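Presented below is the structure to which this report refers.
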Amino acid sequence: MSKPEKTPLSNKHTILVVDDDPEIVTLLSKILLNEGYNVMDAQNGRKALRKVEKGGIDLVILDLIMPEMGGIEVLKRLGDIAPKLPVIVLTGHGDLQTAREAMMLGAYEYITKPFDADFVKAVVKKAFKK
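The opening residue of the sequence shown carries number -2 in this note's numbering; numbering runs sequentially from there.
Next comes the structure, spelled out in structure tokens:
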């Protein structure tokens, strides 16, 4: 009797992880890849916007504090170029005012670092069901 083949997870969504910290990018990529998502990354806001403009991105996980262009500015520009694109804001510098501003600019969710992997997975899954 032959062993059944392992069926790959069927999530075909592509998630763009935007963070200037390579350790965070690696950690989030592993979490999301294990859930079956395609993952792309960008180390700053300008690179992120270029990737979104090319198309094929279904969700963005966006750090707020980055070189060249901060997350709030990226969020504003994403609202212009891809208004229906869900954005999860992720930051180690969280405060209530920044969270409120991000949500008013259309962020789907606001998560502070350090984050819980299961919570990130649940938020991503919920964002795709909306």
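Ideal Cβ placement from N, Cα and C applies to all residues, glycine included. No experiment lies behind these values; they were computed from the predicted model shown.
Could you please give the first and the last residue of the uninterrupted alpha helix (DSSP H) stretch that includes residue i?
{"i": "residue 106", "result": "No alpha helix (DSSP H) holds residue 106; the beta strand (DSSP E) holding it covers 106 to 109."}
{"i": "residue 101", "result": "93 to 101"}
{"i": "residue 20", "result": "19 to 31"}
Beta-carbon within less than 8 Å of residue i's beta-carbon, same chain only, minus the 5 sequence neighbours each way: which residues are those?
{"i": "residue 41", "result": "15, 17, 63, 64, 65 and 66"}
{"i": "residue 82", "result": "49, 54, 55, 56, 57 and 75"}
{"i": "residue 90", "result": "61 and 62"}
{"i": "residue 127", "result": "83 and 105"}
Whose C-alpha, out of the options, is nearest the C-alpha of residue i?
{"i": "residue 55", "options": "118, 32 and 79", "result": "79"}
{"i": "residue 11", "options": "32, 58, 100 and 36", "result": "36"}
{"i": "residue 45", "options": "73, 24, 30 and 113", "result": "73"}
{"i": "residue 111", "options": "101, 60, 125 and 30", "result": "60"}
{"i": "residue 113", "options": "92, 25, 47 and 19", "result": "25"}
{"i": "residue 38", "options": "100, 13, 115 and 92", "result": "13"}
With a Cβ-Cβ cutoff of 8 Å, do residue i and residue j count as a contact?
{"i": "residue 84", "j": "residue 103", "result": "yes"}
{"i": "residue 105", "j": "residue 119", "result": "no"}
{"i": "residue 69", "j": "residue 32", "result": "no"}
{"i": "residue 117", "j": "residue 28", "result": "yes"}
Once you ignore the five residues that flank residue i on each side, which residues in its own chain have a CB closer than 6 Å to its CB?
{"i": "residue 108", "result": "87"}
{"i": "residue 96", "result": "107"}
Quick check on residue i: does DSSP put it in helix, strand or coil?
{"i": "residue 41", "result": "coil"}
{"i": "residue 113", "result": "coil"}
{"i": "residue 60", "result": "strand"}
{"i": "residue 54", "result": "coil"}
{"i": "residue 13", "result": "strand"}
{"i": "residue 6", "result": "Annotation note: pLDDT 46 at residue 6 (below 50); position unreliable, no value reported."}
Just curious, the beta strand (DSSP E) that residue i is in, first and last residue?
{"i": "residue 82", "result": "Per DSSP, residue 82 belongs to no beta strand (DSSP E) and is neither H nor E."}
Taking Cβ positions only, does residue i come closer than 8 Å to chain C?
{"i": "residue 47", "result": "The chain labelled as chain C is not found in the depicted structure, where only one protein chain is given."}
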